[in-house]
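Numbered continuously in this note's numbering, the sequence shown closes out at residue 684.
Backbone N, C-alpha and C fix where the C-beta goes; we use that ideal spot for every residue, glycine too.
I have placed the structure first, in the form of structure tokens, so that the comments after it can refer back to it.
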Amino acid sequence: MKPTPHKPAAGILDTLFLLLTLCAPTAGLSATAASNAPLPVLPADLASGFIGHASGWLAEAPDHELSATEALQALEQGRFQPGERPILNFGIDRPPHWVAFRVHNPRERAVTRRVEVRNSWLDRLDAWQYRPDGSFTALHMGDTLPQGQRPVPGRYFAFDVKLPPGESLFLLRAQTPDPLMLPVSIGKIESTYLKNLLEGYGYGALYGLVIGLLAFNLVLYLRLKNPVYLTYTAFLVAFLLMNQSYTGHGFWWWWPEHPGWQQWSNVVFITLFGVAQMQFALAFLDIHGRAPRVWKAIQGLCLVLIGLVAIASVRGEQGMAVFLAIAGVLVLASAALAMGIQGMLTGQGGARLFVAASTASLTGGIITAISVMDWVPFTLLGYHAVEFGVAIEAVLLSIALSAMVREARLARMAAETVARTDPLTNIYNRRAFVEYAEAAARNDDLNGTSSSCMLMDLDFFKNLNDQLGHAAGDEALRRVSDRIGRMIRKGDILARWGGEEFVIYLPNTEALEAEQLAQRIRKAIAGMGINDAGGHSVIRLTVSIGVTTHRPETGDRRARDLEHMILAADRAMYRAKEEGRNRVVAVPGGGAAVA
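So this is what it looks like as structure tokens:
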């Protein structure tokens with residue numbers, strides 16, 4: 090099968106990489122003088138490690154596609170360059186490259202070994218094995234072909250070979266507009282399988298973490314309707330899609346019979362990831378509310394990135410599209426980090442964790458990007474740096490989002506407390522009293538127990554305000570509410586009813602107990618005095634209290650009427666005032682709701 094001719098990207102990309110090649114070494118693979126040194130010979134029992142340092146490589150001229158015979162001649166002529174690192178990496182949108190290596194089998198019988206190229210995005214990978222007797226076998230692979238045509242199913246390109254006694258020569262031809270890295274290994278099938286199994290466990294842990302955080306934040310969004318959780322969920326989905334695209338999981342699991350989509354899935358999902366990550370940053374940092382112009386500029390930048398990638402894709406310039414997608418993601422991530430730092434400097438909540446998370450993600454993304462683009466020596470740690478960075482980012486952001494949930498709950502509780510609390514005396518207000526007292530009354534109905542209600546009013550309170558001022562009046566109300574609060578039970582419900590009036594609902598309380606408590610409160614308040622500015626007690630406080638009790642008849646489960654009880658206590662309180670003040674008047678009843 091004839092390999093697809095290489096299509097160069099736009100001139101600007103070629104110029105960029107030419108400058109990079111001139112300015113910096115490309116991972117030890119710079120175009121040095123041709124070496125006539127023979128290829129090292131690898132033992133057949135080599136552990137399944139990468140063999141780039143024991144290989145030779147040759148780049149095709151853009152205008153001439155080499156055949157296998159021509160590549161053999163070039164090898165014999167010493168035109169192959171020696172590999173200087175275990176993993177060969179030639180950068181993004183490079184011409185097709187040939188790799189040659191020799192393997193020696195010292196046994197008297199053939200042995201089976203597995204050759205694996207641990208790169209999931211090669212468009213074409215052609216392999217030839219030349220045996221000592223002159224025969225050869227050719228294989229054609231790549232992600233331009235359906236997954237089912239691979240000799241060994243999986244994320245990577247692998248094939249099993251029989252090594253006869255003696256020395257075998259292997260030629261590989263790799264072609265892709267994506268980063269052209271060739272982590273080639275040869276070893277026992279069991280060793281290769283174990284390596285992939287352990288790597289699979291790592292991805293399982295990563296995907297489990299991300300899916301768990303995704304589900305958790307989706308539930309938070311459904312419950313709280315806060316868009317920040319939805320944008321975070323979209324960010325995690327985009328990461329899963331991007332990761333499974335460039336690691337080969339997507340082509341292996343989700344679209345194995347659609348090689349055309351596989352060609353462009355990396356570009357699409359890398360761009361989607363960058364945009365989704367930025368949308369989360371905008372929502373988390375509330376850029377729309379804090380800096381509307383910045384929000385508009387960032388949204389425009391996202392649209393520009395999508396547009397440039399789309400134009401390159403429509404023109405079929407896959408290498409340019411990949412470069413723009415990766416560069417765009419790094420630019421957006423840098424902008425998100427800058428916004429986070431600005432938020433941190435202005436004391437915005439959660440900004441510190443956001444900066445730490447963004448730093449981890451951006452650092453990992455940069456390391457992976459410059460590794461696969463061959464701007465630094467390629468390593469597996471560098472290749473997986475983006476996954477470590479995003480994992481750290483996901484955990485830190487989830488902590489930040491959880492803190493937001495906690496802060497929102499505390500703020501809601503504080504707001505509810507304010508809404509139910511009298512700001513002067515710091516006890517319940519009328520609204521809260523009705524809510525809690527009605528609940529307590531329903532509980533008394535269920536238990537068939539008596540309950541009491543008392544209403545009290547400070548005597549001659551207007552005189553106190555007129556003589557000492559409203560500040561003294563406020564202090565009197567605070568001291569009275571504090572004194573009463575220390576005298577009632579934990580389950581009793583005390584509130585400021587209005588002005589200088591206080592109300593108490595006493596669950597599970599008989600008439601005698603309620604009247605005795607009212608007398609103790611009256612005496613306690615009668616012993617209080619309000620001081621003038623010189624500290625002298627000039628006004629003694631007294632209080633008039635009305636008490637009513639609801640005692641259900643045997644077998645009576647009718648709901649007691651709280652409003653009726655309060656009205657009865659109010660009438661009793663006015664009787665106390667009419668009879669001379671500073672006294673307690675108790676009345677029976679309080680009423681039940683009419684059936």
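Opening and closing residue of the alpha helix (DSSP H) in which residue i lies
i, result
"Ala-294", "278-313"
"Asn-532", "519-536"
"Gln-608", "600-615"
"Lys-666", "651-667"
"Asn-332", "316-335"
Residue i, DSSP secondary structure in three states
i, result
"Thr-158", "helix"
"Gly-562", "helix"
"Thr-448", "helix"
"Trp-341", "helix"
"Ser-209", "coil"
"Val-494", "helix"
"Glu-476", "helix"
"Leu-269", "coil"
"Ala-247", "strand"
"Ala-682", "Note that Ala-682 scores a pLDDT of 39, beneath 50, so its modelled location is shaky; the value from the coordinates is reported in the next line. The answer is coil: DSSP assigns Ala-682 none of H, G, I, E or B."
"Ile-488", "helix"
"Met-576", "helix"
"Glu-642", "coil"
"Arg-670", "coil"
"Arg-441", "helix"
"Thr-506", "helix"
"Lys-96", "Residue placement at Lys-96 is poorly supported in this model, since its pLDDT is 37, which falls under 50; the coordinates are not used for a value here."
"Val-676", "strand"
Cβ neighbours of residue i in the same chain (closer than 8 Å, five flanking residues each side left out)
i, result
"Ala-133", "Val-192, His-193, Asn-194, Pro-195, Arg-196, Val-200, Arg-202 and Leu-252"
"Leu-298", "Ala-480, Ala-483 and Val-484"
"Ala-113", "Legend: pLDDT at Ala-113 = 34, less than 50; position of this residue unreliable, value from coordinates given subsequently. The residues are Trp-464."
"Asn-532", "Pro-596"
"Leu-107", "Model confidence at Leu-107 stands at a pLDDT of 31, short of 50, so the residue's coordinates are unreliable; what they give is reported in the following sentence. No residues qualify anywhere along the chain."
"Phe-550", "Gly-562, Ala-565, Gly-588 and Glu-589"
First through last residue of the beta strand (DSSP E) which encompasses residue i
i, result
"Gln-218", "213-219"
"Tyr-594", "590-595"
"Glu-205", "200-206"
"Phe-549", "Looking at the DSSP string, Phe-549 is not in any beta strand (DSSP E), and its letter there is neither H nor E."
"Met-433", "That residue, Met-433, is in no beta strand (DSSP E); its alpha helix (DSSP H) goes 407-434."
"Val-636", "632-639"
"Arg-585", "582-587"
"Asn-515", "No beta strand (DSSP E) holds Asn-515; DSSP gives it neither H nor E."
"Ser-257", "255-264"
"Gly-618", "618-620"
"Ala-133", "That residue, Ala-133, is in no beta strand (DSSP E); it is neither H nor E in DSSP."
"Thr-226", "225-230"
CB of residue i within 8 Å of CB of residue j, strictly
i, j, result
"Leu-390", "Leu-421", "yes"
"Pro-242", "Phe-248", "no"
"Ile-582", "Tyr-663", "no"
"Gly-537", "Pro-677", "no"
"Ala-227", "Asp-212", "no"
"Val-273", "Ile-140", "yes"
"Ala-327", "Leu-258", "no"
"Glu-496", "Asp-546", "no"
"Leu-544", "Gly-669", "no"
"Ala-600", "Ala-658", "no"
"Asn-671", "Arg-611", "yes"
"Leu-330", "Leu-361", "yes"
"Ala-425", "Leu-413", "no"
"Ala-150", "Trp-217", "no"
"Gly-478", "Ala-449", "yes"
Spatial neighbours of residue i in its chain, beta-carbon cut-off 6 Å, leaving aside the 5 residues before and after
i, result
"Gln-366", "Phe-324"
"Met-617", "Leu-630"
"Leu-374", "Met-428 and Gly-432"
"Asp-267", "Trp-210 and Val-411"
"Gly-471", "Ile-456 and Ser-460"
"Asn-597", "Thr-538"
"Ala-440", "Gly-429, Gly-432 and Met-433"
is_contact[residue i, chain D] using C-beta, thresh 8 Å
i, result
"His-142", "In summary, chain D is missing from the structure at hand, where a single protein chain is found."
Beta-carbon proximity list for residue i, same chain, < 7 Å, skipping 5 on both sides
i, result
"Thr-322", "Leu-303, Asn-306, Leu-307 and Tyr-310"
"Pro-235", "Pro-345, Glu-346 and Pro-348"
"Arg-519", "Ala-584, Trp-586 and Gly-587"
"Thr-514", "Leu-566, Arg-567, Ser-570 and Arg-585"
If you scan the region 358-392 from start to end, which runs of the alpha helix (DSSP H) of 4 or more residues do you find wholly inside it? 376-379
Unbroken alpha helix (DSSP H) runs of length 4 or more, entirely within the region 140-199: which are they? 157-165
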